[in-house]
Amino acid sequence: MTELEDFNVQFIADVQGDADALGLVTVEAFFEKVGDLLAEAGEIESANRAFYEGLYSRGPAQIDGYGGDPRENDGILSLILCDFSLDRGIRLLHKEHVQRLSQKLIRFLNAGLDDRFRETLEETSPGFGVADLIKATWNSVEKVKLIIVTNGDYRARTDATSFGVIDEKPITLSIWDIKRLRRFMEQGLVRADSVINFKDDFGGGIPILKASGGSDALESYLAVIPGKQLAEIYDKWGPRLLESNVRSFLQARGKVNKGIRDTIRDEPHMFFSYNNGLSATADSLEVDKTSSGYQLTSVNNLQIVNGGQTTASLFAASKVLKEQIQQVFVQMKLTITPKECSEEIVPRISEYANSQNKVNAADFFSNHPFHIRVEELSRRILAPSGTDSYRETKWFYERARGQFADERSRRTQSERKKFDAEYPRSQFFVKTDLAKYENTWACLPHVVSLGAQKNFSEFAKKIGKSWGAEGASFNELWFKRLVAKALIFRTTEKLVSNADWYEGGYRANIVTYAIAKLVNEAQSLGMVIDLDLIWKMQSIPEGLKLSILSSGELAQKVITTPPEGIRNYSEWAKKQLCWQRVSESELPLGDAFKAILISSELADENVREARTASALENSINVELEVFNLGARFWEEAKNWAKERGMLSPRENSILEICAAIPKKVPSPKQCGIAFEALRKLQGEGFHT
Numbered sequence: 191m192t193e194l195e196d197f198n199v200q201f202i203a204d205v206q207g208d209a210d211a212l213g214l215v216t217v218e219a220f221f222e223k224v225g226d227l228l229a230e231a232g233e234i235e236s237a238n239r240a241f242y243e244g245l246y247s248r249g250p251a252q253i254d255g256y257g258g259d260p261r262e263n264d265g266i267l268s269l270i271l272c273d274f275s276l277d278r279g280i281r282l283l284h285k286e287h288v289q290r291l292s293q294k295l296i297r298f299l300n301a302g303l304d305d306r307f308r309e310t311l312e313e314t315s316p317g318f319g320v321a322d323l324i325k326a327t328w329n330s331v332e333k334v335k336l337i338i339v340t341n342g343d344y345r346a347r348t349d350a351t352s353f354g355v356i357d358e359k360p361i362t363l364s365i366w367d368i369k370r371l372r373r374f375m376e377q378g379l380v381r382a383d384s385v386i387n388f389k390d391d392f393g394g395g396i397p398i399l400k401a402s403g404g405s406d407a408l409e410s411y412l413a414v415i416p417g418k419q420l421a422e423i424y425d426k427w428g429p430r431l432l433e434s435n436v437r438s439f440l441q442a443r444g445k446v447n448k449g450i451r452d453t454i455r456d457e458p459h460m461f462f463s464y465n466n467g468l469s470a471t472a473d474s475l476e477v478d479k480t481s482s483g484y485q486l487t488s489v490n491n492l493q494i495v496n497g498g499q500t501t502a503s504l505f506a507a508s509k510v511l512k513e514q515i516q517q518v519f520v521q522m523k524l525t526i527t528p529k530e531c532s533e534e535i536v537p538r539i540s541e542y543a544n545s546q547n548k549v550n551a552a553d554f555f556s557n558h559p560f561h562i563r564v565e566e567l568s569r570r571i572l573a574p575s576g577t578d579s580y581r582e583t584k585w586f587y588e589r590a591r592g593q594f595a596d597e598r599s600r601r602t603q604s605e606r607k608k609f610d611a612e613y614p615r616s617q618f619f620v621k622t623d624l625a626k627y628e629n630t631w632a633c634l635p636h637v638v639s640l641g642a643q644k645n646f647s648e649f650a651k652k653i654g655k656s657w658g659a660e661g662a663s664f665n666e667l668w669f670k671r672l673v674a675k676a677l678i679f680r681t682t683e684k685l686v687s688n689a690d691w692y693e694g695g696y697r698a699n700i701v702t703y704a705i706a707k708l709v710n711e712a713q714s715l716g717m718v719i720d721l722d723l724i725w726k727m728q729s730i731p732e733g734l735k736l737s738i739l740s741s742g743e744l745a746q747k748v749i750t751t752p753p754e755g756i757r758n759y760s761e762w763a764k765k766q767l768c769w770q771r772v773s774e775s776e777l778p779l780g781d782a783f784k785a786i787l788i789s790s791e792l793a794d795e796n797v798r799e800a801r802t803a804s805a806l807e808n809s810i811n812v813e814l815e816v817f818n819l820g821a822r823f824w825e826e827a828k829n830w831a832k833e834r835g836m837l838s839p840r841e842n843s844i845l846e847i848c849a850a851i852p853k854k855v856p857s858p859k860q861c862g863i864a865f866e867a868l869r870k871l872q873g874e875g876f877h878t
């Protein structure tokens, strides 16, 4: 069996596992799985499930979902079709097969614009919701993206390729096949071949100058790119040009920077002087030597890590300021980053380069201390065996894309069995899952309903503020309660799917609203749900399950009865008014719900005790580390610091005590000061 076949078998098993766990049909589970990937990759804003299959214009029409409201996505209407098979062998997809799938999406697009077709649909159906969205937003649509996601193998190159025009609106087609899904899931690579050819596709090469020096420096260049050319490139590749973390944070801010727009409109010839330009990375590039100097002709996997607002603003301006955009030029610093160090280097380039339009919580990347802390806790803390198991397990937090697959694949067959037992696939979660659980618990279901990436952006801003110097509140107790929230969330997904009142569709919205409503109800009583009990049980008490069902039914009712003038339920669920309606609605909850509540005071007391225990453990660990480093080490550190005059008299005296171990013994407080002094020295270059 080839590696691709092995991946496909595991992928199908994961989809079937999700379908069984959540009570979904397999194609729906497939859509949910790939929808999050498409959003993370920047292909779409958010994944909204909206299935329809039928006939239109004497041919089959079909859609599985769409990528959000085009009015909130630079005028891009994204339509998604799934092609999923349980065949364990790799299906080879030919051009004719993909053509048939594409025509199904095109027919549904045309059907959505047909008033007579929409009148034949039930207004509460997901198909009507997306058809009505197409019609309502058509005047705002500037581009249509057809996206086909399949676990077949498509050999042709089809990524943002032209697929015709409707009403002068260009249509592009992108295929996400099993190879591309594998690359992204295991390595975080978005495209099979993301070569941007300046010379052949975008009007010509651009002037470039090599700027790096020294054997240890990364290969770097300075370039000047015409604004019109940059806008055209963004028009084709869209937000996928932006490094994923930058893209995530940009979603939380305005579409167009007013200052940039005004410069383009009023002083386009001064844009180069006023604008800080772009910082970008790439895997590789090609350069031609001309009579006027070197020109950049093509670049592989270009990622803009700073300058996202500039790029998006130039694209927006190119639609209305066509004459001015011809006079705009942008400077670009381009760094070639080897794949083996890109995870560490690219976020740093993004963080340090970002000064003109400061990205909120710019350092909140996969290597932020928060993520490292959660990862460390997930690898260390054993979950109780609970009521339905006989052995302790762990919950695997994937800090960076592909960690889980990598950890598993590099083991032997027997080691994999041990790994699977220690980290069950059902106990795997990622950054966007974490954000979903936490914001649901913060009673922000309307924010969660914005989609995985926008919700993560909002969550990141809060964590960036609350992390503090050392993130002391994110300790073992916090992690255990996070897992309890995950258990509640996943149980709710299954309960909603199997409920007799569930009408189908909008499950993701119903789930977050149902849980947030219960959290809100508990708070109104001065109580909280006993997460510590759920952690110990590793399951959900029956009383809570009954309450979840009642709350879910209420949430569905509010979500599917929006105010006059709103007909798309997914868009309604994103509004704060929807949450206000749910939170203010009466929800009778009996003693069974109250039985799984504890007072806020008791919950807070548990937090204080956990922090005290954590502080004590950290203090003991610091003391042990100070003694383990030994007198000789501290002697070298003391002398190095004195030569440079870097420490205070107090710090120097404490290092002298450490250098006399075991004749002299530093106190716990002195050990803490010594360790902080050592961090300071290491930051300045001290090492042994």
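To convert, take the position in the sequence shown, counting from 1, and add 190; that gives my numbering. The C-beta atom is built at its ideal place from N, Cα and C for all residues, glycine as well.
Of the residues the options, the one placed nearest residue i, counting alpha carbons only
i	options	result
F609	K584, R281, E795	K584
R757	A237, F392, L267, L311	L311
K651	F197, V816, F560, S663	F560
A595	R615, D452, R581	R615
G213	D690, Q514, D722	D690
K325	N341, K644, L299, L777	L299
I678	V638, E666, P731	P731
R161	R834, V812, E846, E833	Residue 161 is absent from the structure shown; the chain starts at 191 and stops at 878.
A850	P839, L819, K870, F876	L819
T453	I337, T500, E358	T500
Residue i and residue j closer than 8 Å at C-beta
i	j	result
S714	V748	no
D343	I280	yes
V334	I365	no
E825	A867	no
T192	P260	no
G661	R589	no
V224	L371	yes
G428	G257	no
T527	T471	yes
L267	V205	no
N710	C768	no
L295	L269	yes
N465	V510	no
T630	F646	no
S508	I450	no
G498	L412	no
S575	F586	no
T681	G742	no
Y424	F307	no
For residue i, three-class secondary structure by DSSP
i	result
W366	strand
L871	helix
L227	helix
P528	coil
L640	coil
D208	helix
I454	helix
S729	coil
C272	strand
D553	No answer about D553 holds up, because its pLDDT of 41 lies below 50 and its placement is not dependable.
A219	helix
V380	Low confidence applies here, because V380 scores a pLDDT of 46, under 50, leaving its location unreliable; read the following figure in that light. Coil at V380, not helix or strand.
K859	helix
L779	coil
F618	strand
Q593	helix
R771	helix
I253	strand
M717	strand
Closer than 7 Å: residue i CB and nearest the ligand ATP heavy atom
i	result
L767	Only the bare structure without any ligand can be found here, which leaves the ligand ATP out of the picture.
is_contact[residue i, chain D] using C-beta, thresh 8 Å
i	result
R598	No chain D is present in this structure, which holds just one protein chain.
| Do the region 780-789 and the region 716-726 make contact, defined as three or more Cβ pairs closer than 8 Å? | yes
| query | Does the count of Cβ pairs from the region 238-248 and the region 315-325 closer than 8 Å reach three? | reply | yes
| request: Please specify which runs of the alpha helix (DSSP H), each continuous and at least 4 residues long, are wholly inside the region 332-359, giving them in chain order. | output: none
| Do the region 471-486 and the region 390-404 touch if we need at least three Cβ pairs shorter than 8 Å? | yes
| query | Is the number of C-beta pairs between the region 637-657 and the region 697-713 that are closer than 8 Å three or more? | reply | yes
| field | Every unbroken beta strand (DSSP E) within the region 479-504, with a cutoff of 3 residues, ordered by chain | value | You should have 483-490, 493-496.
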